[in-house]
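K.L.:
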Amino acid sequence: MRFRLALALLSGRVIGAAARLSGRGGGTALPGLAANRLYPALLPEMTSRIPEGVILVSGTNGKTTTSRLLALMLTSGGKRVLHNRTGSNLIRGIAATIVASSHLDGRPIGDVGLFETDEAVLPGLLRQVRPRVVVLNNLFRDQLDRYGELDSLYRSWEQAVSALDPAVHLVVNADDPALARLGELAPGAVTYFGVHSPELALAELPHAADSGACPRCTKPLVYSAVYVSHLGEYHCSNCGFSRPQPDVLATEITLHGTTHTELTLRGLYGEHRLRMNVPGIYNVYNGLAATAAAYQAGVPWEAVERGYSGFSAAFGRFERIHTEGRSVVLALVKNPVGCNEVLRMLSSEPSHEPLLIVINDQTADGRDVSWLWDADFELLATMEGRIITSGLRAADMAVRLKYAGIDAAKIQVEERIPAALRRAMEATSVGGTLRVMPTYTAMLALRAHMGELGWVEPYWEE
47 MRFRLALALL
57 SGRVIGAAAR
67 LSGRGGGTAL
77 PGLAANRLYP
87 ALLPEMTSRI
97 PEGVILVSGT
107 NGKTTTSRLL
117 ALMLTSGGKR
127 VLHNRTGSNL
137 IRGIAATIVA
147 SSHLDGRPIG
157 DVGLFETDEA
167 VLPGLLRQVR
177 PRVVVLNNLF
187 RDQLDRYGEL
197 DSLYRSWEQA
207 VSALDPAVHL
217 VVNADDPALA
227 RLGELAPGAV
237 TYFGVHSPEL
247 ALAELPHAAD
257 SGACPRCTKP
267 LVYSAVYVSH
277 LGEYHCSNCG
287 FSRPQPDVLA
297 TEITLHGTTH
307 TELTLRGLYG
317 EHRLRMNVPG
327 IYNVYNGLAA
337 TAAAYQAGVP
347 WEAVERGYSG
357 FSAAFGRFER
367 IHTEGRSVVL
377 ALVKNPVGCN
387 EVLRMLSSEP
397 SHEPLLIVIN
407 DQTADGRDVS
417 WLWDADFELL
427 ATMEGRIITS
437 GLRAADMAVR
447 LKYAGIDAAK
457 IQVEERIPAA
467 LRRAMEATSV
477 GGTLRVMPTY
487 TAMLALRAHM
497 GELGWVEPYW
507 EE
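Note that the sequence shown covers residues 47 to 508 in the working numbering.
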């Protein structure tokens with residue numbers, strides 16, 4: 047058995063090195079796929095050997111940002127972290143991380159495992175791995191052609207959470223009613239996080255909200271504050287279900303456009319005023335999730351604070367690139383909720399500079415792009431700069447913009463991503479900022495081209 051494990055680890059490493067040398071990627075998935083086939087017990091056996099256990103982070107939006115911030119907190123606290131930093135979050139990606147971070151005799155190189163986990167993969171992973179902490183960030187409608195309806199994904203989470211070992215600690219977004227219900231069903235301890243900042247609340251549930259129904263009795267919930275989609279402060283007047291009291295709470299939130307956010311953090315670590323170097327209220331939720339998980343991992347406040355101060359946006363998540371005397375901001379979009387939050391931030395900062403929207407429909411993006419009609423592109427109607435659409439579904443995006451009330455004279459279509467980027471850069475004034483909204487594979491294509499231009503390093507080397 048030891049020989050087979052060593053062979054699996056060695057084979058994975060060789061495949062990873064070959065992938066990087068060939069320039070076809072960072073070897074973030076294929077090594078894990080190969081190692082798992084050679085040694086199917088790789089995940090349960092190797093994760094059980096990690097000295098301080100495993101933390102899993104899952105949810106529709108915010109997995110990468112939450113995981114990267116938490117990793118910084120852990121390392122600031124002196125811990126060595128095994129982390130799928132590139133965001134390769136399927137079983138094969140997690141296995142590839144273990145392959146790259148282990149000795150050939152099967153000893154993991156690290157103190158704690160931190161694995162961003164695809165929401166559809168989480169139930170299956172929990173059958174193989176016994177984590178110390180599971181972080182549940184949110185559940186939104188995502189790729190319908192891949193995940194199906196949200197209800198089916200929720201039911202699979204419900205079964206997985208109910209079957210958890212009581213020793214597993216759950217970290218849950220209290221502002222997501224469905225997740226709060228999962229917290230009630232958890233066999234072990236639960237830490238809740240949430241927001242209370244009424245001045246930032248929306249007037250009502252947005253039309254793209256996935257559900258306003260009570261997860262216990264299905265009657266409509268009553269919201270006193272809505273922050274993102276169906277996330278907010280709520281109660282059910284029929285059965286008494288209500289938002290749990292958060293153990294970690296963000297209040298007095300001040301949003302500074304597309305640059306940063308200030309907030310007061312209250313709860314497990316006391317009360318502190320913080321700056322997050324990423325924008326938006328949804329990133330506040332990511333910070334709260336990371337903070338709650340860090341507390342359960344025994345990270346002292348000083349290390350948490352260093353994590354916040356040293357954190358910058360993950361690749362493509364409001365990542366800011368400086369080149370040719372201009373700034374380029376990449377804001378990944380993949381579903382109506384995330385897209386609406388990006389649009390909300392962009393519309394809060396009036397600009398004469400162009401906006402580049404790059405929409406692909408490959409498997410990792412979701413083949414079904416009908417979600418574009420659920421996103422509030424109407425928020426761009428008052429924008430003064432031109433809008434360039436690109437990617438495989440550039441024409442579809444242009445049609446959506448026209449129906450959003452945007453002057454057709456301001457819309458330009460250029461399917462070729464390199465050409466669209468060049469046109470957008472030429473239209474951006476020196477000292478100005480080009481805003482880019484790409485889907486996932488479009489973001490990878492953009493960054494690959496930027497790498498060829500010498501603007502960025504490959505994401506697996508960052």
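For each residue, glycine too, the CB sits at the ideal point set by N, CA and C.
(1) Using 8 angstroms as the cut-off, can you tell me whether the segment 143-151 makes contact with the segment 74-92, which would need three or more C-beta pairs spanning the two stretches below that distance?
(2) Classify residue 483 as helix, strand or coil using the three-state DSSP reduction.
(3) Candidates 365, 252 and 306: which alpha carbon is nearest residue 503's?
(4) Within the same chain, show all residues whose beta-carbon is closer than 7 angstroms to that of residue 489, passing over the 5 residues directly before and after it, in chain order.
(5) What does the alpha-carbon distance come out to for the pair residue 84 and residue 55?
(6) Would you call the segment 260-273 and the segment 281-288 in contact, with 3 or more CB pairs under 8 angstroms?
(7) Out of 106, 454, 137 and 94, which one is the CA nearest neighbour of residue 181?
(8) Can you tell me which of the three DSSP states residue 90 falls into?
(9) Using 10 angstroms around the beta-carbon of residue 149, count the other beta-carbons present and answer buried if the total reaches 16, otherwise exposed.
(10) Using the Cα positions of residue 178 and residue 446, report the straight-line distance between them to the nearest angstrom.
(11) By alpha-carbon positions, which one of 449, 436 and 482 ends up nearest to residue 462?
(12) Can you list, in chain order, the residues of its chain whose CB lies under 8 angstroms from that of residue 193, leaving out five sequence neighbours each side?
(13) For residue 230 and residue 343, I'd like the C-alpha separation in whole angstroms.
(14) Where are the alpha helix (DSSP H) runs, 4 residues long or more, that stay fully inside the segment 207-242, in chain order?
(15) Are the CB atoms of residue 431 and residue 397 within a distance shorter than 8 angstroms?
(16) Are the CB atoms of residue 220 and residue 139 within a distance shorter than 8 angstroms?
(17) So what's residue 21 in DSSP terms, helix, strand or just coil?
(18) If you draw a straight line from the C-alpha of residue 448 to the C-alpha of residue 389, how long is it?
(19) Am I right that residue 452 and residue 433 are in contact with their C-beta atoms under 8 angstroms? What's the rounded C-beta distance?
(20) For the alpha helix (DSSP H) that residue 271 lies in, which residues bound it at each end?
(21) For the alpha helix (DSSP H) holding residue 331, just list the boundary residues, first then last.
(22) Can you tell me whether residue 415 is buried or exposed? The criterion is at least 16 other CB atoms within 10 Å of its CB, across all chains shown.
(23) Could you check which residue in 156, 135, 131 and 57 has the C-alpha nearest to that of residue 98?
(24) What are the boundary residues of the beta strand (DSSP E) that includes residue 403?
(25) Hey, out of 403, 472 and 356, whose CA is closest to residue 3's CA?
(26) Secondary structure at residue 159, three-state DSSP: helix, strand or coil?
(27) Say whether the segment 335-353 touches the segment 314-326, bearing in mind that this needs 3 or more beta-carbon pairs closer than 8 angstroms, one atom from each stretch.
(28) Thinking just about the alpha-carbon of each residue, which of 438, 367, 291 and 429 is nearest to the one in residue 409?
(29) By the 10 Å Cβ neighbour count, where 16 or more other Cβ atoms means buried, how is residue 392 classified, buried or exposed?
(30) Let me check understanding here. Comparing Cα to Cα, which of 127, 369, 58 and 255 lies closest to residue 141?
(31) Since residue 251 and residue 273 should fall inside the 8 angstroms C-beta cutoff, what is the C-beta to C-beta distance between them, to a whole number of angstroms?
(32) Tell me, which residues are paired with residue 137 by DSSP?
P.N.:
Short version:
(1) yes
(2) The answer is strand: DSSP assigns residue 483 an E or B state.
(3) 365
(4) 362, 376 and 378
(5) 9 angstroms
(6) Inter-segment contact for the segment 260-273 and the segment 281-288 is present: three or more beta-carbon pairs are separated by less than 8 angstroms.
(7) 106
(8) helix
(9) exposed
(10) 45 angstroms
(11) 436
(12) Unreliable placement is indicated for residue 193, whose pLDDT of 46 sits below 50; the coordinate value is still reported in the next sentence. Answer for residue 193: 165, 166 and 199, listed in chain order.
(13) 22 angstroms
(14) 223-231
(15) yes
(16) Using a Cβ distance threshold of 8 angstroms, residue 139 and residue 220 do not count as a contacting pair.
(17) Lying before the first or after the last residue shown, residue 21 is absent from the chain, which here runs from 47 to 508.
(18) 16 angstroms
(19) Residue 433 and residue 452 do touch by the CB rule: their CB atoms are close to 7 angstroms apart, below 8 angstroms.
(20) Careful: residue 271 lies outside any alpha helix (DSSP H), inside the beta strand (DSSP E) at 268-274.
(21) 327-342
(22) buried
(23) 156
(24) 401-404
(25) Nothing about residue 3 can be reported from this structure: the residues present for the chain run from 47 to 508 only.
(26) Strand.
(27) yes
(28) When only C-alpha atoms are compared, the closest one is 438.
(29) That one is buried.
(30) 58
(31) Not a contact, Cβ separation roughly 11 angstroms.
(32) In DSSP, residue 137 forms no bridge with anything.
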